[in-house]
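Asks: Numbering (the working numbering), first residue to last: 38 to 494.
The beta-carbon is built from N, C-alpha and C at its ideal position, and this holds for glycine as well.
Have a look at the structure that comes next, please.
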């Protein structure tokens, strides 16, 4: 039979080649010294690694287990079998790698080493609690707790301060406290300002601060003796000692002092210098370029000029004329009168009259471009049109009224005449009836009284 890796030296007996050893009578295998670890000797002192193992870079006869990084990344651990890691102390195998462990678990941070937390941005290591990262606030939270980076949460009985950031001030329940003229020094604890006393209102069931001074001070502090002391930059008012007025220095001119060194100009005035207001002439009302504005929209022209109302009712200063120049001015000589814009005249001796674009038929041109219609006419499209409907209606109402007056007058006269005739007839009938009674008495009873006889006759 064939002798593998050897020479047949006698029937049924092989002599192995150098570096080999007999495995059986017919087979010799290579010899590795030292022996292969996790592998098989495939040639003299050459090892072939088993599946899942790879050649060691330090020891040729050793085959180390191989761990695929996508299956088992053995950083911070050791690959002891193919794709199986044993983590170092302080690490656990999670997912496909060894990760550090922290006990207790990190709060607001990441466990980057065994029992070592790295805080997130905006947080820092707590000095009292292990593995806890506390939020960072730029300034200490007064009467509050820092619950998140740059975020303070007020303690119970406190509210955010209106003046200091990241600070909370004591709060008094508005249902039971009126904090005017006082301040809350602790939750639901009110301290009155100087000059005020703590009182309880039976009507509203609220605690409030009542002034020691009566009447109450205005722009002033109420002192314990019941007098008022003005605030800085305020002075006592002349009309009442409990009222303090703002001080303006220098005093306000053509204006009112509404606050310390704060002047408010009167209507028609505008600020010029410190605490000084000057009269203002609106260019849309009066052009005072050749004069002096002495009051609101009041201009005094320079010498030789006079104030005249020109087109669009804007007054301006024009040269004064020797003779009266109605609706005109003297631009070059005091003896030459020219009409203002919007006015015209036909002869030198006439006054300047306003000019209208349309002839003011049934009306009069009363100002440049302004047509005023006569009674019974209305301006339509530049002309004065008769108001027919209104005229007829007015005429009809007037005629009806006069007709009613005539009828009532006639009826009244007729009634008076008939009443007169009736009364006259009644009186006549009464006289005849009386005479008849006298005659009857004369013939039946006999009348001896001469007066009755004479009356009967």
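#1: Using the Cα positions of residue 63 and residue 41, report the straight-line distance between them to the nearest angstrom.
#2: Can you tell me which of the three DSSP states residue 458 falls into?
#3: Please report how far the alpha carbon of residue 310 lies from the alpha carbon of residue 211, in whole angstroms.
#4: Within the same chain, show all residues whose beta-carbon is closer than 8 Å to that of residue 213, passing over the 5 residues directly before and after it, in chain order.
#5: At what residues does the beta strand (DSSP E) containing residue 73 begin and finish?
#6: Just verifying my parser: in three-state terms, what is the DSSP assignment at residue 440?
#7: Counting only runs of 4+ residues fully inside the region 145 to 187, write out the alpha helix (DSSP H) ranges in chain order.
#8: Given a cut-off of 8 Å on the beta-carbon distance, is the pair residue 205 and residue 181 in contact?
#9: Compare the Cα-Cα distances from residue 388 to each of 228, 92, 276 and 375 and report the closest residue.
#10: For residue 48, which residues in the same chain have their Cβ closer than 7 Å to its Cβ, ignoring the five residues on either side in sequence?
#11: Contact defined as beta carbons within less than 8 Å: I believe residue 7 pairs with residue 342. What is the distance between those atoms, to the nearest angstrom?
#12: Name the DSSP beta bridge partners of residue 122, please?
#13: Do you know offhand how far residue 272's Cα is from residue 217's?
#14: Would residue 332 pass as a contact of residue 316 if the rule is Cβ separation under 8 Å?
#15: Can you grab the Cα-Cα spacing for the pair residue 106 / residue 73, in whole Å?
#16: Looking at the strands, I want to know which residues DSSP matches up with residue 92.
#17: Report yes if the CB atom of residue 414 is closer than 8 Å to the CB atom of residue 408, and no otherwise.
#18: For residue 237, collect the residues of the same chain with a Cβ closer than 6 Å to its Cβ; drop the 5 residues on either side in sequence, then sort them by chain order.
#19: Given residue 116, which residues of its chain have a CB within under 6 Å of its CB, disregarding the five upstream and five downstream residues?
#20: Are residue 283 and residue 297 touching if we call contact CB-CB under 8 Å?
#21: Name the residue from 70, 45, 440 and 50 whose alpha carbon lies nearest to the alpha carbon of residue 56.
#22: Measuring CA to CA, which of 394, 321 and 152 is closest to residue 138?
#23: Nearest to residue 289 by CA position, among 399, 364 and 306, is which residue?
#24: What separation, rounded to the nearest whole angstrom, lies between the Cα atoms of residue 108 and residue 130?
#25: Could you compute how far the alpha carbon of residue 442 sits from the alpha carbon of residue 448?
#26: Could you tell me how far apart the beta carbons of residue 336 and residue 314 are, in whole angstroms, since I believe they sit closer than 8 Å?
#27: Short of 8 Å in beta carbon distance, which residues of its chain neighbour residue 194, apart from the five on each side in sequence? Order them along the chain.
#28: Any idea if residue 452 is buried or exposed, counting beta-carbon neighbours within 10 angstroms, 16 or more meaning buried?
#29: Quickly, what does DSSP pair residue 58 with across the bridge? List them, please.
#30: Going along the chain, which residues of its own chain have a beta-carbon closer than 8 Å to the beta-carbon of residue 220, five neighbours each way excluded?
#31: Please classify residue 108: does DSSP put it in a helix, a strand, or coil?
#32: Using 7 Å as the cut-off, classify the Cβ of residue 390 as near or not near the heavy atoms of the ligand FAD, replying yes or no.
#33: Excluding sequence positions up to five away, which residues of its chain have a Cβ less than 8 Å from the Cβ of residue 395?
#34: Rounding to the nearest angstrom, what Cα-Cα distance links residue 50 and residue 95 in this structure?
#35: Should residue 377 be labelled buried (16 or more other beta-carbon atoms within 10 Å of its own) or exposed?
#36: Measuring alpha carbon to alpha carbon, tell me which of 464, 203, 199 and 169 ends up nearest residue 183.
Replies: Taking the definition as stated:
#1: Using only the alpha carbons, I get a separation of about 6 Å.
#2: When DSSP states are grouped into helix, strand and coil, residue 458 belongs to the helix group.
#3: Each residue's alpha carbon lies about 47 Å from the other.
#4: Apart from sequence neighbours up to five positions away, the residues of its chain that approach residue 213 with a beta-carbon distance below 8 Å are 225, 242, 243 and 244, ordered along the chain.
#5: Residue 73 -> no beta strand (DSSP E), and no H or E assigned at all.
#6: Reduced to three states, the DSSP call for residue 440 is helix.
#7: Fully enclosed alpha helix (DSSP H) runs of 4 or longer: not present.
#8: Cβ distance < 8 Å, so residue 205 and residue 181 count as in contact.
#9: That would be 375, whose Cα lies nearest to the Cα of residue 388.
#10: Taken in chain order, the list of residues that qualify is empty.
#11: No statement about residue 7 is possible, as the shown extent of the chain runs from 38 to 494 and does not include it.
#12: Residue 122 pairs with 116.
#13: Residue 272 and residue 217: Cα-Cα distance of roughly 23 Å.
#14: One thing to note: residue 332 has its Cβ within 8 Å of the Cβ of residue 316.
#15: It is roughly 26 Å from the alpha-carbon of residue 106 to the alpha-carbon of residue 73.
#16: Answer is 100.
#17: Going by C-beta atoms, residue 414 is not nearer than 8 Å to residue 408.
#18: These residues qualify, in order along the chain: 244.
#19: Closer than 6 Å at Cβ, skipping near neighbours: 102, 104 and 122.
#20: Yes, the pair counts as a contact, with Cβ atoms nearer than the cut-off.
#21: With distances taken between Cα atoms, residue 56 lies closest to 70.
#22: Distance check between residue 138 and each of 394, 321 and 152 places 152 closest, using alpha-carbon atoms only.
#23: Answer by Cα proximity: 306.
#24: So the two alpha carbons sit approximately 11 Å from each other.
#25: A straight-line Cα-Cα distance of about 10 Å links residue 442 and residue 448.
#26: No, residue 336 and residue 314 are not in contact; Cβ-Cβ is about 17 Å, not under 8 Å.
#27: Cβ neighbours of residue 194 beyond the five flanking positions: 207, 208, 223, 224 and 225.
#28: The residue in question, residue 452, is exposed, as its Cβ has fewer than 16 Cβ neighbours within 10 Å.
#29: Paired residues: 66.
#30: Answer for residue 220: 227, 228 and 230, listed in chain order.
#31: Residue state, collapsed to three classes: coil.
#32: Among the components of this structure there are no ligands whatsoever, and the ligand FAD is therefore not found.
#33: Residues of the same chain with a CB within less than 8 Å of the CB of residue 395, apart from the 5 flanking positions on each side, are 408, 419 and 420 in chain order.
#34: Answer to the nearest angstrom: the Cα atoms are 39 Å apart.
#35: Buried, since its Cβ has 16 or more Cβ neighbours within 10 Å.
#36: Nearest option by C-alpha distance: 203.
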